[in-house]
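Enquirer: Sequences listed follow chains A and B, in order. Just so it is clear: in the first sequence, position 90 is 90 by this note's numbering, and no numbers are missing. One rule links them: number in this note's numbering = place in the second sequence (from 1) + 1000. Where a beta carbon is used, it is the ideal one built from N, C-alpha and C, also for glycine. From a predicted model like this one, the values you see are computed outputs, not experimental measurements.
Number of protein chains: 2
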Amino acid sequence: MALRHAVLAALLHEELSGYQLAKKFDTGVANFWHALPQQLYAELTRLETEGLVTGREVVQDTRPNKRLFTVTGAGLAELERFTAATAKPSFIRDDLLVKVQAVDQVNAEAVLAQLRERAAFAEAKAELFGSLLRTMRGDRDEEEFLRHGDRIGPYLTCLRGLAFEEGNRDWCLRGAAVLEERRAARARG
Amino acid sequence: MALRHAVLAALLHEELSGYQLAKKFDTGVANFWHALPQQLYAELTRLETEGLVTGREVVQDTRPNKRLFTVTGAGLAELERFTAATAKPSFIRDDLLVKVQAVDQVNAEAVLAQLRERAAFAEAKAELFGSLLRTMRGDRDEEEFLRHGDRIGPYLTCLRGLAFEEGNRDWCLRGAAVLEERRAARARG
DNA sequence: TGCCCCATGTAAAAAGTTACATGATTCG
DNA sequence: CGAATCATGTAACTTTTTACATGGGGCA
Chain A
1 MALRHAVLAA LLHEELSGYQ LAKKFDTGVA NFWHALPQQL YAELTRLETE GLVTGREVVQ
61 DTRPNKRLFT VTGAGLAELE RFTAATAKPS FIRDDLLVKV QAVDQVNAEA VLAQLRERAA
121 FAEAKAELFG SLLRTMRGDR DEEEFLRHGD RIGPYLTCLR GLAFEEGNRD WCLRGAAVLE
181 ERRAARARG
Chain B
1001 MALRHAVLAA LLHEELSGYQ LAKKFDTGVA NFWHALPQQL YAELTRLETE GLVTGREVVQ
1061 DTRPNKRLFT VTGAGLAELE RFTAATAKPS FIRDDLLVKV QAVDQVNAEA VLAQLRERAA
1121 FAEAKAELFG SLLRTMRGDR DEEEFLRHGD RIGPYLTCLR GLAFEEGNRD WCLRGAAVLE
1181 ERRAARARG
């Protein structure tokens, strides 16, 4: 039941349509959670019937009409309750880790290729997060911004996203280097 | 459908019972995946009917009997197929991140407390992973072990787990420091 | 004597993924 | 002219979580 809270948190600063929300959750720009469009449309509907968000129709001539959603007082109260409750620890769940775990018994070439691919993906995401952070803090430096800025929440979660992707990248590159080195050693005899 | 592959990967080196497997997956010692006991018992049953693992009954007098599972040839082939297929990117999904995202609008004290708690948890896990790594590499240094050791798969995934938890800890401590500083600033002015 | 560990599950509910559906507009 | 974007969903399926069930042995 955390998707609803993720949606509420995402709508806290901006009024968004389901479509816009979906884009954020999909690309991982909303890097504190991930969800598919269908989930979001369904969740927004549920949240609206429960009075936690309100939608207003925006009629567009050139584009299809859309509904923009805002968090209500009840929605904010619900987020407050959620925030006060204790959170469970989070776990990694990643196909690639499973493959690496098995790398001694299976085709290492395939794993090597996927490590390289993932490293590139992680690097791209890290760069995206980096530029988002620069945009958020403007001309202030980070220390200054975190001391006195408003809206530090999204900044902090983006920092975690950045570190996570940098960690991914570094680990993938390290793993790839190890596998390459071992392949080379086998080739030498 | 990755749980089955996680189970196969976990059983690759050791023969384990459902209970033992559950403990690993629960404490996150099998830090490349996480699953509840019920899932594992169900998955083991399924894997056995599909011939991907075989169980052998071990009769115990003082303890209840148990069934130890091993990966079959078909199981290894299935892992091989899985490894060759392309993996999807992984996303963070964490309650605490949602709470931090909302921290500007909700009670920051609760978030601060949870950041501290999580930092401690992450630190404990990082230490556990650190000692697991030391055990795995024995008296060799890491470079040496990764070059010439066998079973580097579990070592590499454990390295990722370690970096992840260190990242968690550092980020939590940073976030907590920021929130404290802002509280102090508010109190002053 | 009460609580934790061993050991294995079933059943139901919630959450997440995959597949499919529709239709206009803008861009290369 | 075909593909991508805007915009919103429904339906079926898979996966994960929560709650419940059972029963002996060891330990404080």
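When we look at the beta-carbon of P1154/B and count the other beta-carbons within 10 Å, is it buried (16 or more) or exposed?
Expert: Stepping through the second sequence from its first residue, residue 1154/B is reached at position 154. Buried is the label assigned to P1154/B, since at least 16 other Cβ atoms lie within 10 Å of its Cβ.
Enquirer: Grab me the residues of E1166/B's own chain with a C-beta within less than 6 angstroms of its C-beta, minus the 5 sequence neighbours each way, in chain order.
Expert: If you number the second sequence from 1, residue 1166/B lands on position 166. Counting only Cβ-Cβ distances below 6 angstroms, and skipping sequence neighbours, we find A1126.
Enquirer: Checking contacts by CB at 8 angstroms: is E1080/B closer than that to chain A?
Expert: Within the second sequence, residue 1080/B is the residue found at index 80, counting from 1. So yes, E1080/B belongs to the interface.
Enquirer: Is the distance from the Cβ of T1054/B to the Cβ of F1069/B below 8 angstroms?
Expert: Counting from 1 along the second sequence, the entry for residue 1054/B is found at position 54. Counting from 1 along the second sequence, the entry for residue 1069/B is found at position 69. Against a cut-off of 8 angstroms, the Cβ pair of F1069/B and T1054/B comes out as a contact.
Enquirer: Taking Cβ positions only, does L1075/B come closer than 8 angstroms to chain A?
Expert: On the second sequence, residue 1075/B is found 75 positions in, with the first residue counted as 1. For the sequence presented, residue 1075/B should be read as Gly rather than Leu. Cβ-Cβ to chain A under 8 angstroms: no for G1075/B.
Enquirer: Counting only Cβ pairs nearer than 9 angstroms, list the residues of chain A close to Q1105/B.
Expert: In the second sequence, residue 1105/B corresponds to position 105, counting from 1. Result: A9, L12, H13, V71, L76, L79, E80 and G153.
Enquirer: Which residues in the same chain have their Cβ closer than 6 angstroms to the Cβ of A1122/B, if we skip the five residues on either side of it in sequence?
Expert: Residue 1122/B sits at position 122 when you count from the first residue of the second sequence. If we look at A1122/B and ignore the five residues flanking it on each side, its Cβ neighbours are E1165, N1168 and R1169.
Enquirer: Would you mind listing the beta strand (DSSP E) stretches within the stretch 1068-1150 of chain B that are 3+ residues and don't spill past its ends, in chain order?
Expert: none
Enquirer: Report, in whole angstroms, the separation of the C-beta atoms of C158/A and L133/A, which I expect to be a contact under 8 angstroms.
Expert: Reading the first sequence from its first residue, position 158 is the one you call residue 158/A. Reading the first sequence from its first residue, position 133 is the one you call residue 133/A. C158/A to L133/A, Cβ: 6 angstroms. Contact.
Enquirer: Comparing the C-beta of E1181/B with each C-beta of chain A, is any distance below 8 angstroms?
Expert: The residue given as residue 1181/B occupies position 181 in the second sequence. By this cut-off, E1181/B is an interface position.
Enquirer: Compare the C-beta of L1138/B against all C-beta atoms of chain A and say whether one is closer than 8 angstroms.
Expert: Residue mapping note: residue 1138/B aligns to position 138 of the second sequence, counting from 1. This sequence places Gly at residue 1138/B; Leu is not what is there. Not one chain A Cβ lies under 8 angstroms of G1138/B.
Enquirer: When the distance is taken between beta carbons, is A1009/B closer than 8 angstroms to L1096/B?
Expert: In the second sequence, the residue the question calls residue 1096/B occupies position 96. In the second sequence, the residue the question calls residue 1009/B occupies position 9. The answer is no: Cβ separation not under 8 angstroms.
Enquirer: Is G51/A helix, strand or coil by DSSP?
Expert: In the first sequence, residue 51/A corresponds to position 51, counting from 1. Three-state result, G51/A: coil.
Enquirer: Grab me the residues of R1004/B's own chain with a C-beta within less than 7 angstroms of its C-beta, minus the 5 sequence neighbours each way, in chain order.
Expert: To locate residue 1004/B, count along the second sequence from 1; it is residue 4. These residues qualify, in order along the chain: E1043 and L1047.
Enquirer: Between P1037/B and T1072/B, what straight-line distance do the alpha-carbon atoms span, to the nearest angstrom?
Expert: On the second sequence, residue 1037/B is found 37 positions in, with the first residue counted as 1. On the second sequence, residue 1072/B is found 72 positions in, with the first residue counted as 1. Each residue's Cα considered, the two are about 22 angstroms apart.
Enquirer: Excluding the 5 residues preceding and the 5 following L16/A in the sequence, name in chain order all residues of the same chain whose CB lies nearer than 8 angstroms to its CB.
Expert: On the first sequence, position 16 is the one that residue 16/A refers to. These residues qualify, in order along the chain: A10, K24, L68 and F69.
Enquirer: Using a Cβ-Cβ cutoff of 9 angstroms, what residues of the stretch 1117-1130 of chain B are near chain A? List them in chain order.
Expert: E1117, R1118, F1121, A1122 and K1125
Enquirer: Helix, strand or coil: which one does DSSP assign to V1178/B?
Expert: The count along the second sequence starts at 1 and reaches residue 1178/B at position 178. Three-state DSSP puts V1178/B in a helix.
Enquirer: Since Q114/A meets chain B, which of its residues come closer than 8 angstroms, beta carbon to beta carbon?
Expert: The residue labelled residue 114/A in the question sits at position 114 within the first sequence. Simply T1086 and A1087.
Enquirer: Is there a Cβ from chain B that is less than 8 angstroms from the Cβ of D61/A?
Expert: Translated into positions along the first sequence, residue 61/A becomes position 61. For D61/A, the answer is no, since every Cβ of chain B falls outside 8 angstroms of its Cβ.
Enquirer: In terms of residues, what are the limits of the alpha helix (DSSP H) holding V7/A?
Expert: Counted from its first residue, the first sequence places residue 7/A at position 7. Taken as a continuous stretch (DSSP letters only), the alpha helix (DSSP H) holding V7/A covers L3 to A10.
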